[in-house]
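Undergrad: Counting the sequence shown from 1 gives a position; my numbering is that position plus 18. The beta-carbon is built from N, C-alpha and C at its ideal position, and this holds for glycine as well. The structure displayed is predicted, hence computed values, not measured ones.
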Amino acid sequence: MLLDGLNEAQKGAVEQTEGAMLIIAGAGSGKTRTLTYKIAYLIEKGVSPFNILALTFTNKAAQEMKERITNLVGPSAMQIWMGTFHSVFSKVIRIEAQRLGYLSNFTIYDTNDSKNLLKAIIKDFSLDDKIYNKSFVQNRISAAKNNLISPVAYKQNVQLMQEDESCGKKYLSDIYIEYNLRLRRAMAMDFDDLLFNMNVLLRDNPDLLLKYQEKFQYVLVDEYQDTNYSQYYIIKKLSARFKNICVVGDDSQSIYAFRGANIQNILNFQRDYKDAKVFKLEQNYRSTQNIVNAANSLIEKNVGKIKKNVWTSNVQGDKITYQELSSDKEEASYISGQILKRISYQGVKHSDFAILYRTNQQSRAIEESLRFQNIPYRIFSGLSFYDRKEIKDLLAYFRLVVNNYDDEAFIRVINFPARGIGETSIGKLRIFASENNISLFASAQRAKEMSSDLRCANKIEDFVTMIKTFSLNLQQEDAFTLGSQILAGSHIIKFWKEDEDPGSDNKIENIEELMNALQAFVDSEEDAILDELTGEEISLKNKTLDVFLQQVSLMSETDRQEEGNEDTVSLMTIHAAKGLEFPYVFVAGMEENLFPSVLSLGSRDDLEEERRLLYVAMTRAEKELFLTCAQARYRNGQMNFNDPSRFIDEIDSQYLNGAIAKQDSIKPYKQEETFKPKPHLTKLNSSLPNPIGGTPVKDLGSFALGMRVFHDKFGSGVIKELEGKGDDTKALVVFDNAGEKKLVLRFAKLKKQE
19 MLLDGLNEAQ KGAVEQTEGA MLIIAGAGSG KTRTLTYKIA YLIEKGVSPF
69 NILALTFTNK AAQEMKERIT NLVGPSAMQI WMGTFHSVFS KVIRIEAQRL
119 GYLSNFTIYD TNDSKNLLKA IIKDFSLDDK IYNKSFVQNR ISAAKNNLIS
169 PVAYKQNVQL MQEDESCGKK YLSDIYIEYN LRLRRAMAMD FDDLLFNMNV
219 LLRDNPDLLL KYQEKFQYVL VDEYQDTNYS QYYIIKKLSA RFKNICVVGD
269 DSQSIYAFRG ANIQNILNFQ RDYKDAKVFK LEQNYRSTQN IVNAANSLIE
319 KNVGKIKKNV WTSNVQGDKI TYQELSSDKE EASYISGQIL KRISYQGVKH
369 SDFAILYRTN QQSRAIEESL RFQNIPYRIF SGLSFYDRKE IKDLLAYFRL
419 VVNNYDDEAF IRVINFPARG IGETSIGKLR IFASENNISL FASAQRAKEM
469 SSDLRCANKI EDFVTMIKTF SLNLQQEDAF TLGSQILAGS HIIKFWKEDE
519 DPGSDNKIEN IEELMNALQA FVDSEEDAIL DELTGEEISL KNKTLDVFLQ
569 QVSLMSETDR QEEGNEDTVS LMTIHAAKGL EFPYVFVAGM EENLFPSVLS
619 LGSRDDLEEE RRLLYVAMTR AEKELFLTCA QARYRNGQMN FNDPSRFIDE
669 IDSQYLNGAI AKQDSIKPYK QEETFKPKPH LTKLNSSLPN PIGGTPVKDL
719 GSFALGMRVF HDKFGSGVIK ELEGKGDDTK ALVVFDNAGE KKLVLRFAKL
769 KKQE
């Protein structure tokens, strides 16, 4: 029988074929299996595959489901309209393009195409491209389209116009109008247009609405909690005639609000469909009882949720291990040690382990520890920390300062950031170096001998002088001090601040994390490390930049030895881990203002999404779960002292080992708390992380006890304590929204408030 092997809850959800239905699928409850069998059951009962519309969020998920259904009911399953929202509705729009005034062979603009078009418009409008950052403008227009706000409606919306004017971008509506005009002129749509125009088709063409309602008599939607406003309306219109709509999802795993997902779609489903049947898949097949119960005790603190009781008949299992460590380095060492212990004594594989974190920059300390212990690992949804472009660029500057003969480092940085030294000039340097059997740097020192372009030769000479000046300080300055000087002299931070790429802020954070590594290296107490390749000791006593680079080069060698090894520990952000599972899971960085993120503390909705994010992380674990935090972590080149995450207190202590009461330091979230209101569409006042640098020593004495100050990240606060002198002056600041922070004044960049 087709339904053999399904539990009673799954069978009930599969056998209910008519009407509206909501399947709440708890973590590890067999959601995909249930949806697959439901579609197969419909076909077995005589429903034509042509009349089934199944929507997913990834093409991979759609393909895998279609293959499973084909194995169950045969090749007719290939006729199902199954795919992502964008792929399915782009087909419909191509068929009906004439109704929209488009040709059927219209072009779909990707992100870069859209940005280039916006850049041209901003330039044509003679607007400042730093104020009207093309990435910001694109995100704003995308948010409008996903909320079904047309260019004309945008300009007529008083609230939106006031928001734009308040942040100095009053011409956004005009850009939006021109952008859509040029898209149409080019017979092009962007990705958001595919959903927007599908709504237009169904709204303005009653005959087409009826046609597709008749065609899609059964509508099924996976991951319904991740749908946005535009997707919601398409689904609602298409299913309005037969009302055979089945949505599957888990409100507790809604973690994509930053992409426009609206959790209210799933929370309000029963209000939208009064006669809807609700099925709850509550049996977890993945995790131990302790893990399931602990995750339940956390997520029940959310106010906005659908009540369910996730349970498992699996073994009780070990309690969740909660461990506070003194620093991020100790945290990484602890995690590596736990992995080695289990591999050595339990015979498990490296691939049984996953290390999850809130932000990509946390991977640096973890990677260093794994490499030092020779534990193979793989970064998911991102490059290894030391393989990222922004890190390799800065390391190339370091390498050239340490070794002026390093031609590869020279080529990488001679014109990055751009300093007006073109490929022609670099080509001449290459030829001269080859003819005279000297390095490129030595060739650059004689630029005026080979170039008739005096202006370019002067620029090359300035670059050489800068590098030589840094080289002279190699043994006089510690690694962090010299590294900071090189970073400032290179203008790399300035380059990424002015770049329009939406990933620029992450690049700056990663550069700051490299500087944190330098500071941690300088502060470390080790006198020497063993070079595992030569067996020789490398002295660490001087803590200079050349010694730091030797450490990094050893790590890189280990990396190369790991290539092609599939038995690796998995490292990834929690967002990237959704849908995956591992026997052993570590969640690192369980600290206030990191997890939950400091950006989430302005509203209950944002904080509840952070709680759901931790729920997702916890429910990835099958056998053992570890939660770790660091009491001190390097950020912006300084040591920050952190409180453990409020979420630790929210997990029932009976499921934890090592929990420490923290009620005096962190107040758990309470329903009556008030929060600052959120912007309607996108956060308009975003800021990049603080640059590496500091306040001049002569200005530090102007700070006093009781003074109101402002910090770019933590906001307004009052100086409670001052200690130390000169460069070592520290301030304990009580911030209005971020709590107490001890900051080194020369790095904190505090501003006085009247």
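#1: Among the residues of its own chain, which have a CB less than 7 Å from the CB of residue 197, if the five just before and after it don't count?
#2: Nearest CA to the CA of residue 661: which residue from 748, 148, 637 and 760?
#3: Which two residues bound the contiguous beta strand (DSSP E) that contains residue 373?
#4: CB-CB under 7 Å to residue 416, same chain, minus the five flanking residues each way: which ones, in chain order?
#5: Cβ atoms of residue 52 and residue 34: under 8 Å apart, would you say?
#6: Alpha carbon to alpha carbon, how far is residue 540 from residue 565?
#7: Starting from residue 759 and walking both ways along the beta strand (DSSP E), at which residues does that stretch end?
#8: For the stretch 90-101 and the stretch 258-271, state whether three or more C-beta atom pairs, one from each stretch, are separated by less than 8 Å.
#9: Which residues in the same chain have their Cβ closer than 6 Å to the Cβ of residue 623, if we skip the five residues on either side of it in sequence?
#10: DSSP three-state call for residue 65: helix, strand or coil?
#11: Hey, out of 148, 213, 418 and 570, whose CA is closest to residue 168's CA?
#12: In whole angstroms, give me the CA-to-CA distance for residue 2 and residue 279.
#13: From residue 302 to residue 670, what does the alpha carbon distance come to, in whole angstroms?
#14: Exposed or buried, which one is residue 635 when buried takes at least 16 other CB atoms within 10 Å?
#15: Quick one: what's got a C-beta closer than 6 Å to residue 395's C-beta in the same chain, skipping five residues either side?
#16: Applying the criterion that 16 or more other CB atoms from any shown protein chain within 10 Å of the CB defines a buried residue, is residue 232 buried or exposed?
#17: If you drop the 5 nearest sequence neighbours on each side, which residues of the same chain put their C-beta closer than 7 Å to that of residue 166?
#18: For the beta strand (DSSP E) containing residue 601, name the first residue and the last one.
#19: Relative to the C-alpha of residue 312, which candidate in 757, 643 and 615 has its C-alpha closest?
#20: Can you give me the C-alpha to C-alpha distance between residue 700 and residue 161, rounded to a whole angstrom?
#21: Give a yes or no on whether the C-beta atoms belonging to residue 774 and residue 595 are separated by under 8 Å.
#22: Do residue 40 and residue 234 count as a contact pair if the criterion is CB distance below 8 Å?
#23: In angstroms with no decimal places, state the Cα-to-Cα distance between residue 672 and residue 339.
#24: Pull up the distance between the alpha-carbon of residue 38 and that of residue 527, whole angstroms please.
#25: Quick check on the DSSP output: what are the complete beta strand (DSSP E) runs of length 3 or more inside the stretch 55-103, in order along the chain?
#26: Looking at the strands, I want to know which residues DSSP matches up with residue 264.
#27: Taking buried to mean at least 16 other C-beta atoms within 10 Å of its own C-beta, is residue 441 buried or exposed?
#28: Verify whether the separation of the beta carbon atoms of residue 614 and residue 366 is less than 8 Å.
#29: By how many angstroms is the C-alpha of residue 631 removed from the C-alpha of residue 638?
#30: Is residue 270 buried or exposed, if buried means 16 or more other CB atoms sit within 10 Å of its CB?
#31: Buried or exposed for residue 149, please, with buried defined as at least 16 other CB atoms from any protein chain shown within 10 angstroms of its CB.
#32: Can you tell me where the beta strand (DSSP E) holding residue 356 begins and where it ends?
#33: Would you list, in sequence order, the uninterrupted alpha helix (DSSP H) runs of no fewer than 4 residues that lie entirely inside the stretch 377-428?
#34: Reducing DSSP to helix, strand and coil, say where residue 581 ends up.
#35: Can you tell me the Cβ-Cβ gap for residue 155 and residue 113, rounded? I've got them flagged as a contact below 8 Å.
#36: Hey, does residue 724 have any beta-carbon neighbour from chain B nearer than 8 Å?
TA: Checking against the coordinates, here is how it stands:
#1: 135, 136, 139 and 159
#2: 760
#3: 371-375
#4: 501, 504, 563 and 567
#5: no
#6: 10 Å
#7: 757-762
#8: no
#9: none
#10: coil
#11: 213
#12: As shown, the chain starts at 19 and ends at 772. That puts residue 2 outside it, with no answer to give.
#13: 19 Å
#14: buried
#15: 388, 586, 587 and 589
#16: exposed
#17: 214, 217, 247, 248 and 251
#18: 600-605
#19: 643
#20: Caution applies to residue 700, whose pLDDT of 41 falls short of 50 and renders its modelled position unreliable; the value that the coordinates give is listed next. Rounded to whole angstroms, residue 700 to residue 161 spans 7 Å at the Cα level.
#21: Outside the shown range of the chain, which is 19 to 772, sits residue 774, and nothing can be said about it.
#22: no
#23: 11 Å
#24: 46 Å
#25: 70-74 and 99-102
#26: 39 and 238
#27: exposed
#28: no
#29: 11 Å
#30: buried
#31: exposed
#32: Run containing residue 356: none in the beta strand (DSSP E); it sits in the alpha helix (DSSP H), 346-364.
#33: 381-390 and 407-420
#34: Bear in mind that a pLDDT of 41 at residue 581, under 50, signals an unreliable position, so the number given afterwards is only what the model happens to contain. It is coil, neither helix nor strand.
#35: About 32 Å separates the two Cβ atoms, so there is no contact after all.
#36: Among the chains of the structure shown, chain B does not appear; only one protein chain is present.
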